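Per the numbering used here: the sequence shown = residues 357 to 542. We put the CB at the ideal spot given by N, CA and C, even for glycine. The structure presented is a predicted model; accordingly, all values stated were derived computationally and were not measured. Down below is the structure, laid out as structure tokens.
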Amino acid sequence: MRCGGGGDVTIVWINGPFGAGKTTVARIVHASVPGSVIVDPELLGGFLRDVLQGSKPVHDFQDWPAWRRLVAGALDAVAGETDAPIIVPQTVSSREYWHEIVENLNGDRPVLPIVLRLTKNVHERRVLADRDEPGAARWRLAKFGRFVQQSWIGDEFEPLDCDDAAPDDIARIILSRLESAQPRSR
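Below is the structure:
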């Protein structure tokens, strides 16, 4: 499945608060689109933490300009190896960082930016019910307020309300957007 203009591989970026279900939705979308791949920028952050934290410590690996360049470079490199969509489940709260990533993508690569929206109560319930990473609950809950205060996200990402929707439902919406190949221009 090729999407977007110019024959370029579409990047489906799933943004949202930590613990909102981005990875779960990404896995469902991935299972539904033959050949699609998931690229997790957290892995690049872990790599940089191993390399840079001792000499240039930061609280959040996204604060390293190298992370943002690596994300764009990795997405372009993967796009050169596939003609199917690339799915990216990654929280980005900084408009500046988001712009830096998409502006560093090669050419006119289409990006379908989605943000998962949910209320504080639903977020808390989901985070506390997570059995895969129960140790992350406190951290995820603490980050929720900062994320939802970022009004720019609604301007640049298509919001999908998740309070009353199962991950399968959200994935179906993303798949319909992908099939219609209407990524937002950068």
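Residue i: first and last residue of the uninterrupted alpha helix (DSSP H) it sits in
i	result
residue 481	476-485
residue 512	508-512
residue 489	Where residue 489 is concerned, there is no enclosing alpha helix (DSSP H), given that its DSSP letter is neither H nor E.
residue 438	Looking at the DSSP string, residue 438 is not in any alpha helix (DSSP H), and its letter there is neither H nor E.
residue 449	Neither: residue 449 is in no alpha helix (DSSP H) and is coded neither H nor E.
residue 382	378-388
Where the beta strand (DSSP E) containing residue i begins and where it ends
i	result
residue 494	No beta strand (DSSP E) contains residue 494, which is instead part of the alpha helix (DSSP H) from 493-504.
DSSP-derived helix/strand/coil call for residue i
i	result
residue 402	helix
residue 473	strand
residue 413	coil
residue 468	strand
residue 534	helix
residue 427	helix
residue 393	strand
C-beta contact flag for residue i and residue j at 8 Å
i	j	result
residue 524	residue 463	no
residue 381	residue 367	no
residue 441	residue 389	yes
residue 513	residue 469	yes
residue 473	residue 515	yes
residue 432	residue 461	yes
Residues bridged to residue i [DSSP beta-bridge criterion]
i	result
residue 444	369
residue 515	471
Taking contact to mean 3 or more Cβ pairs, one atom from each stretch, closer than 8 Å, check whether the segment 502-521 and the segment 399-410 are in contact. no
If contact is defined by three or more beta carbon pairs under 8 Å, each pair taking one atom from either stretch, is the segment 419-429 in contact with the segment 468-488? no
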